[in-house]
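What follows is a single structure, written as structure tokens, with notes after it.
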Amino acid sequence: MKIITTFIIAAFVLAGTSCKKFLAAYSQNETFIQSVEDLEEVLIGEVYLGGGSHWGSLAFMDDDASHNPGALMRINAFDQFGIHFWQQVPERRSDGLSYVAYNNTYLKLYKLIADLNTILYNIPLLREKNASEEKLRKISGEAHLLRAYYYFILVNVYGKPFRAASAAADYGVPLKIAPEVQDAPFERASVQQVYDQIERDLLEAEKELNGFNETAVLRVNQATAQALLSRIYLYQENYEKAVTYADKVIAKRYKLRDMNSWPSGTAFVNQASPELIYSAVPGSVTENKMLDISVYYEIESYSVSNELLGIYSSKDLRLPAFFKATGTGDLVARKCGEKEKVEVADMASIRLPELYLNKAEALAILNKDAEAIHTLQELRKNRFKPEDLTDITVSGAALVDFIRNERRRELCFEFHRWFDLRRYGVNNKYPFGKITRHNSYQYDGSGRYLEGYYELKPYAEEPAAYVLPISIKEIEFGQGVISNEPRPERPLLH
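Residue numbers (our numbering): 129 to 622.
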């Protein structure tokens, strides 16, 4: 219990310290980690069990969800007002107070990274003590992979999107990959530096996890590393490597789930799914945020946007599998089931369909239209009845648009869409931007009414709006070493 106590104390201290001390974290060494079992305890007890979708509060910034509060007068403020409506200060609630969970996203992810740094620091020390090399290699691989994953989330929330021409100068997030305490506050690394570190960690993880059992979906494995490598290469427009790593995962044991034989009423994504590569600890963000307001009438809730629903064919088998109708007629996302039936974290899962979509998009941009279409149809034939599967006859830019829409249909509410909108906005060959509107509601004596809407312009017109600022408290604690780009004001429109 000594090691758990140490980490509980460290976590408690971290929660009340400055950004400077937080990013420096705490210096851990061999004085209390004496064995492989100690490392395993930290990895499972601190990282895996604490590594759910801490970014869930940021999941409704995109165009897939609509704010859908209860019809009666709200008692509490709208906590995610500043996030959902892309406000200049996103941590501001509708009553003007601060939304605590906004700050927690940044802190919790760096806390997990600090734990992983500690694990990686102690591995060579345990090698010197002749600890099991096989066990150390597995733990090291998992730690490298998870550190890369958390930095990927951080840089795509709090840093600029990757653009090869400017990535070396564009601001990312602070990089902290060693456990030693440093007195000086950490500055932002460039986007390029952060992606380089992510790539190094993933490539190391791919080697270290080679040969280990890949059946446990609640722990990362080599396929997870390869899936994330395919993703980061797609984001960096390194399309050949995106295809290579997608193929590595597709060739493994995972299989696309044929929705023609999906049992109606069951969770589409669960631990037994042949598509599931990795999921964090169970917990559905969409279930918690998308409620039936005919039952829970005094709550803040979201529903599936009409725009998202409008891009599905009526014959698409994903509609009944991904969404559920509420008592008010709204549709809410239920891809991972609900209540006690939820087995995986919807906002922190990696599934095989992403690899088909990564590959298809990369091939289309490489002008390999026939291969792209074949890859996409391999996915789509599992999403339609055979007689309803239509041919894809478009090419070039139209094919890329089709694939991007297919990605939106398949991966909705798995924390891809916001990142995709960012990277589409800076894409070198096929840039894409759109206006997104989120409705805002108020109340009077007769109940809820639509008061207007807030509008987000395309990335090219207001790029700072697509980067969340690091919390004001963290900026103050860091004595201004870290700064945020000014975000535009966003008024209510009618």
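The C-beta atom is built at its ideal place from N, Cα and C for all residues, glycine as well.
Local conformation of residue i per DSSP, three classes
| i | result |
| --- | --- |
| Arg615 | coil |
| Ile405 | strand |
| Gln570 | strand |
| Val432 | strand |
| Ser318 | strand |
| His544 | coil |
| Thr518 | coil |
| Ala355 | helix |
| Thr394 | coil |
| Ala374 | helix |
| Ala199 | coil |
| Phe605 | helix |
| Glu589 | coil |
| Ser477 | strand |
| Tyr581 | strand |
| Leu620 | coil |
| Gly561 | coil |
| Arg536 | helix |
| Arg576 | strand |
| Ile610 | coil |
Minimum C-alpha distance to residue i - residue among the options
| i | options | result |
| --- | --- | --- |
| Lys452 | Asp444, Ala199, Gly465 and Tyr582 | Gly465 |
| Thr372 | Arg565, Gln162 and Ala355 | Ala355 |
| Leu248 | Ile267, Val609 and Glu256 | Ile267 |
| Ser412 | Leu331, Glu542, Pro313 and Ala526 | Glu542 |
| Gly580 | Ile600, Leu621, Gly606 and His544 | Leu621 |
| Lys417 | Gly179, Tyr582 and Phe188 | Phe188 |
| Asn434 | Asp192, Arg347 and Leu517 | Asp192 |
| Phe280 | Leu253, Leu254, Gln320 and Ile251 | Gln320 |
| Pro197 | Ile305, Pro307 and Val423 | Val423 |
| Ala295 | Leu274, Val322 and Ala276 | Val322 |
| Ala317 | Gln325, Tyr363 and Pro302 | Pro302 |
| Phe290 | Gly269, Asp324 and Ala259 | Asp324 |
| Tyr571 | Leu240, Leu200 and Ser599 | Leu200 |
| Tyr382 | Ala344, Ser389 and Arg359 | Ala344 |
| Leu436 | Gly608, Thr564 and Gly575 | Thr564 |
| Glu262 | Tyr230, Pro614, Asn341 and Gly178 | Asn341 |
| Tyr238 | Asp329, Tyr278, Ala500 and Tyr569 | Tyr278 |
| Asn612 | Phe605, Ala242 and Leu596 | Leu596 |
| Leu485 | Glu506, His272, Lys469 and Tyr299 | Glu506 |
| Glu315 | Pro619, Gln607, Arg618 and Glu617 | Gln607 |
| Pro616 | Glu583, Ile610 and Ile603 | Glu583 |
| Asp497 | Glu515, Ile520 and Arg508 | Ile520 |
| Pro614 | Glu604, Glu602 and Pro591 | Pro591 |
| Gly287 | Ser260, Tyr234 and Ala242 | Tyr234 |
| Glu538 | Arg511, Pro313, His212 and Leu282 | Arg511 |
| Leu171 | Asp243, Phe160 and Phe213 | Asp243 |
Beta-carbon gap between residue i and residue j smaller than 8 Å
| i | j | result |
| --- | --- | --- |
| Glu219 | Ala292 | no |
| Leu667 | Ala205 | Nothing can be reported for residue 667: it is not among the residues displayed for the chain, which extend from 129 to 622. |
| Tyr587 | Tyr577 | no |
| Leu274 | Val175 | yes |
| Ser181 | Ala351 | no |
| Met387 | Ala473 | no |
| Gly269 | Leu167 | no |
| Tyr406 | Arg551 | no |
| Gly179 | Leu240 | yes |
| Ser194 | Phe209 | no |
| Gln162 | Arg618 | no |
| Gly183 | Val348 | Note that residue 183 is Trp in the sequence shown here, rather than Gly. Against a cut-off of 8 Å, the Cβ pair of Val348 and Trp183 comes out as no contact. |
| Asn245 | Ile305 | yes |
| Leu549 | Asp190 | yes |
| Ile600 | Ile610 | no |
is_contact[residue i, chain B] using C-beta, thresh 8 Å
| i | result |
| --- | --- |
| Val285 | No chain B is present in this structure, which holds just one protein chain. |
Any non-hydrogen atom of the ligand NAD within 7 Å of residue i CB
| i | result |
| --- | --- |
| Tyr569 | The ligand NAD is not among the ligands present in this structure, which contains no ligands whatsoever. |
Item to complete: Within the segment 434-469, note down every full beta strand (DSSP E) run reaching 3 residues or more, in order along the chain.
Response: Complete beta strand (DSSP E) runs here, min 3: 451-453 and 459-461.
Worksheet entry | In chain order, each alpha helix (DSSP H) run of at least 4 residues that lies wholly inside the segment 479-516 | The alpha helix (DSSP H) runs lying completely inside the segment 479-516 and spanning 4 residues or more are 480-493 and 497-508, given in chain order.
Worksheet entry | Ranges of the alpha helix (DSSP H) found wholly within the segment 279-352, counting only runs of at least 4 | Counting only runs that start and end inside the segment 279-352, the alpha helix (DSSP H) elements of at least 4 residues fall at 319-336.
Worksheet item: Three or more beta-carbon pairs under 8 Å between the segment 473-483 and the segment 377-386, yes or no?
Response: Yes, since at least three Cβ pairs between the segment 473-483 and the segment 377-386 fall closer than 8 Å, the two stretches touch.
Worksheet item: Touch check for the segment 395-405 and the segment 516-527: three-plus C-beta pairs under 8 Å?
Response: Short answer: they don't touch.
Worksheet item: Per the contact definition of three or more C-beta pairs closer than 8 Å, is the segment 325-341 in contact with the segment 455-469?
Response: No: fewer than three Cβ pairs fall under 8 Å.
Discussion item. Contact between the segment 485-495 and the segment 529-536 is defined here as three or more beta-carbon pairs at a separation below 8 Å; is this criterion met?
Written reply: Yes: the two stretches touch, three or more of their Cβ pairs being nearer than 8 Å.
Fill in: Uninterrupted alpha helix (DSSP H) stretches inside the segment 169-233 (no shorter than 4 residues)
Listed in chain order, they are 209-212.
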